[in-house]
């Protein structure tokens with residue numbers, strides 16, 4: 008029963024990591040850059056929902072839609088003004104810009120919302136279920152998180168594999184130059200990727216804050232790093248890899264907390280990452296890049 | 080172009096000269112005035128802001144009252160609070176700002192970790208330090224530092240005693256923050272005293288500053304351990320998450336905390352029904368009927384938010400009155416330097432007995448520890464209610 012309980016909370020946490028990791032991995036796959044501001048988009052999503060629902064007293068549904076809309080817009084704006092001018096610059100310059108954007112978002116949130124943590128009201132109104140005479144309780148948030156992340160992953164896989172914009176994304180990711188020659192609008196495709204990634208970040212942010220209802224300007228930082236780890240773990244650039252990586256990371260983290268040590272859980276998670284990368288440097292599902300000699 | 084730059088640079092140079100002149104003049108003037116400057120340091124923003132804001136409000140209130148009544152030994156008191164965001168480095172910066180301002184005595188810092196950093200600076204400069212609520216043992220392990228509140232060992236021992244003596248529970252689980260001196264300190268003493276008192280610690284769970292959001296594994300382990308009571312020697316931000324997740328997981332036990340939990344009801348948007356029945360040890364209860372408490376509560380309500388009217392406000396308020404009592408005992412005069420004031424106050428502290436809102440007849444030993452009895456409160460219908 009214990010094992011099942013740890014497993015379910017692990018899958019729920021992993022689902023959130025996976026949703027965030029999708030944003031990292033898609034952007035990396037297509038723009039070949041690490042968007043370190045991604046974690047802070049989550050935090051902005053949380054604050055949007057907080058403002059709409061708790062401060063202005065609107066329906067949670069409006070909070071969800073509003074926060075997804077704002078984050079999508081934010082993602083596209085960041086790409087347009089911070090990353091697009093650097094499209095041909097050295098990768099290091101883009102990386103530093105991303106870190107800069109991350110600090111900008113954190114400090115903006117500090118300025119607007121203050122640094123005191125706020126208690127987030129869950130946007131999930133489903134009651135939890137109690138099994139085996141209350142020995143195993145699964146909260147509504149956990150159920151919704153698992154269902155939502157599975158649905159989003161399926162939808163995203165279908166989108167990338169079956170639709171025209173999806174095909175454009177795959178083409179850009181494979182060879183930007185060739186895709187452009189074939190008539191793919193590379194800039195629009197990259198903007199679309201940021202839009203989707205940021206919308207997923209908003210959803211992840213809402214689920215994160217509903218499960219762990221504390222919201223501060225640094226809420227997104229740690230989950231962002233964990234999700235980045237999950238993306239690398241699963242093979243950065245690979246969409247199924249991010250999903251598997253995220254869920255595995257959540258499960259490992261929770262099981263090591265439950266059975267080994269709550270203090271060492273992060274150390275264990277990252278040790279496993281190191282071991283996997285030693286054995287399989289491209290991650291679980293990462294593509295092997297053959298060097299041309 | 081070069082000319083313009085040269086002009087600009089020389090203009091800046093001239094400006095800088097003027098600016099520095101201005102500030103030295105100001106500082107000079109300020110030092111000539113006959114006032115006692117009391118500095119305050121605490122987290123006014125950030126996760127722990129509820130503690131700092133409360134303590135600094137309390138201190139300001141006491142200073143206002145003292146000035147209205149003629150000051151200390153007839154000398155007016157000035158108070159200035161600086162923010163440290165519960166961060167040791169920022170706290171030392173705040174200390175330096177106050178030192179430049181001409182601080183004669185420090186009420187601070189409010190939280191333990193920053194206080195441990197600041198006390199060394201204060202010891203080097205020989206400036207009198209009175210922490211309203213720095214509970215870690217190391218906060219006052221220098222000769223010039225004293226405190227208003229209980230120490231961590233004192234809280235841990237008192238909590239175990241209270242739980243055992245009032246037969247609240249026998250099977251105890253603990254969740255503590257292993258990356259925080261305050262939390263670990265209380266836990267260790269609680270653990271030792273629990274053994275003496277025949278309490279059984281069935282689960283000791285911990286978390287760190289990096290893993291302070293997801294408590295599902297800890298809660299599941301506690302659920303399995305069959306604990307009747309969970310002891311939370313932590314700050315209220317994490318406690319609010321634990322209470323929320325415990326409810327989601329269907330864990331129905333009693334919760335018992337220390338002064339860190341004081342303030343849980345004022346977290347923005349927190350569902351106070353989650354904290355129903357939570358017990359905590361605190362030296363101050365705003366429902367107490369004695370005259371000193373009633374007067375303080377009334378004055379505080381007139382000036383500040385009800386939300387921050389907690390133990391920390393009382394600690395800050397008492398801190399200033401304690402300095403006043405010691406300063407009067409020592410016969411502090413306006414022309415004494417901060418170092419002379421410190422030497423005089425150090426001696427006077429061990430000779431005074433203060434009736435404050437956090438305890439009656441509080442006395443101090445030379446190592447800076449106060450002696451007073453703790454009170455227990457329980458959260459009922461969303462307010463702190465005395466248990467006695």
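Protein chains in written order, with our numbering: chain E, 8 to 300; chain C, 80 to 467. Ideal Cβ positions, reconstructed from N, Cα and C, are used throughout, including at glycine.
Determine the DSSP secondary structure at residue 225(E), reduced to helix, strand or coil. Three-state DSSP puts residue 225(E) in coil, outside helix and strand.
Compare the beta carbon distance of residue 426(C) and residue 401(C) with 9 Å and say whether it is the shorter of the two. No, these two residues do not count as a Cβ contact at 9 Å.
Residue 229(E) at chain C interface by Cβ criterion, 9 Å: Yes, its Cβ sits closer than 9 Å to a Cβ of chain C.
C-beta contact flag for residue 308(C) and residue 392(C) at 9 Å: Cβ atoms of residue 308(C) and residue 392(C): not closer than 9 Å.
For residue 449(C), does the three-state DSSP call read helix, strand or coil? DSSP places residue 449(C) within a strand segment (E or B) once states are collapsed to three.
Environment of residue 92(E) [buried if 16+ CB atoms lie within 10 Å]: Label assigned to residue 92(E): exposed.
Quick check: the Cα distance between residue 21(E) and residue 258(E), rounded to an integer number of angstroms? Their backbone Cα atoms lie some 6 Å apart in a straight line.
Quick one: list the residues of chain C neighbouring residue 20(E), beta-carbon separation under 9 Å, in chain order. In chain order: 293, 295.
Among all the DSSP beta bridges, which residues are the ones paired with residue 125(E)? Residue pairing by DSSP places residue 125(E) opposite 222(E) in a beta bridge.
Would you check if the distance between the CB atom of residue 346(C) and the CB atom of residue 125(E) is smaller than 9 Å? It is a contact, given that the beta carbons lie within the stated cut-off.
Residue 241(C) to residue 261(C), Cα distance in whole Å? One C-alpha to the other measures close to 19 Å.
According to a CB-to-CB cut-off of less than 9 Å, which residues of the region 254-274 of chain E neighbour chain C? With the criterion set as a beta carbon lying under 9 Å from some beta carbon of chain C, the members of the region 254-274 of chain E are 260, 261, 262, 263, 264, 265, 266, 268, 269, 270, 272, 273, in sequence order.
Quick check: is the beta carbon of residue 220(E) nearer than 9 Å to any beta carbon in chain C? Contact with chain C is found for residue 220(E), since one of that chain's Cβ atoms lies less than 9 Å from the residue's Cβ.
Using a Cβ cut-off of 9 Å (strictly closer), state whether residue 16(E) contacts chain C. By this cut-off, residue 16(E) is an interface position.
If the cut is a Cβ gap below 8 Å, which residues of chain C does residue 151(E) touch? Chain C residues near residue 151(E): none, gap ~12 Å exceeds 8 Å.
Whole-angstrom distance between residue 115(E) and residue 183(E), CA atom to CA atom: Rounded to the nearest angstrom, the gap between the Cα atoms of residue 183(E) and residue 115(E) is 34 Å.
So is residue 124(C) in contact with chain E if we call contact Cβ pairs under 9 Å? Contacts with chain E at 9 Å (Cβ-Cβ) include residue 124(C).
Assumed close pair residue 211(C), residue 134(C) - CB separation to whole angstroms, cut-off 8 Å: Contact flag correct, Cβ pair sits at about 5 Å.
Let me make sure I understand the geometry here. Which of 221(E), 286(E), 195(E), 228(E) has the alpha-carbon closest to that of residue 242(E)? The shortest Cα separation from residue 242(E) among 221(E), 286(E), 195(E), 228(E) belongs to 286(E).
Mark residue 368(C) as exposed unless 16 or more other C-beta atoms lie within 10 angstroms of its C-beta, in which case mark it buried. Residue 368(C) should be labelled exposed.
Taking residue 545(C) as the query, report the chain E residues whose CB atoms sit under 8 Å from its CB, ordered along the chain. The displayed coordinates of chain C run from 80 to 467. Any statement about residue 545(C) would go beyond what the structure contains.
Rounded distance between the beta-carbons of residue 169(C) and residue 204(C), thought under 8 Å: Rounded to whole angstroms, the Cβ separation of residue 204(C) and residue 169(C) is 18 Å, and the two are not in contact under 8 Å.
Of the choices 224(E), 251(E), 279(E), 238(E), whose alpha-carbon is the least far from that of residue 117(E)? Of the candidates 224(E), 251(E), 279(E), 238(E), the one whose C-alpha sits nearest the C-alpha of residue 117(E) is 224(E).
Could you list which residues in chain C have their beta carbon closer than 9 Å to that of residue 128(E), in chain order? What residue 128(E) touches in chain C: 348, 350.
Among 99(E), 79(E), 87(E), which one has its Cα closest to the Cα of residue 205(E)? When each option's Cα is compared against that of residue 205(E), the closest is 79(E).
Would you mind stating whether residue 417(C) and residue 182(C) have Cβ atoms separated by less than 9 Å? Cβ distance < 9 Å, so residue 417(C) and residue 182(C) count as in contact.
Based on the DSSP output, what are the partners of residue 118(C) in its beta bridges? DSSP links residue 118(C) through a beta bridge to 159(C), 185(C).
Helix or strand or just coil, what does DSSP make of residue 168(C)? Residue 168(C) falls in the helix class under three-state DSSP.
Within the continuous alpha helix (DSSP H) that includes residue 256(C), where are the two ends? Per DSSP, residue 256(C) is not a residue of any alpha helix (DSSP H); the beta strand (DSSP E) it occupies stretches across 250-256.
First and last residue of the alpha helix (DSSP H) that includes residue 74(E)? For residue 74(E), the enclosing alpha helix (DSSP H) covers residues 67-85.
Ends of the alpha helix (DSSP H) at residue 438(C)? Counting along the chain, residue 438(C) falls outside any alpha helix (DSSP H), though it belongs to the beta strand (DSSP E) covering 438-443.
What does residue 164(C) reach in chain E if we use C-beta pairs closer than 9 Å? Ordered by position in chain E, the residues that pass the 9 Å Cβ test against residue 164(C) are 122.
Checking contacts by CB at 9 Å: is residue 391(C) closer than that to chain E? For residue 391(C), the closest Cβ of chain E is not nearer than 9 Å.
Check the Cβ of residue 289(C) against every Cβ in chain E and list those closer than 8 Å, keeping chain order. Here the neighbours are 229, 273.
Neighbourhood of residue 42(E) by C-beta distance below 6 Å, restricted to the same chain and skipping five residues each side: Cβ within range, chain order: 34, 105.
Run through DSSP, which three-state label would residue 330(C) get? The three-state reading of DSSP puts residue 330(C) in coil, since its state is none of H, G, I, E or B.
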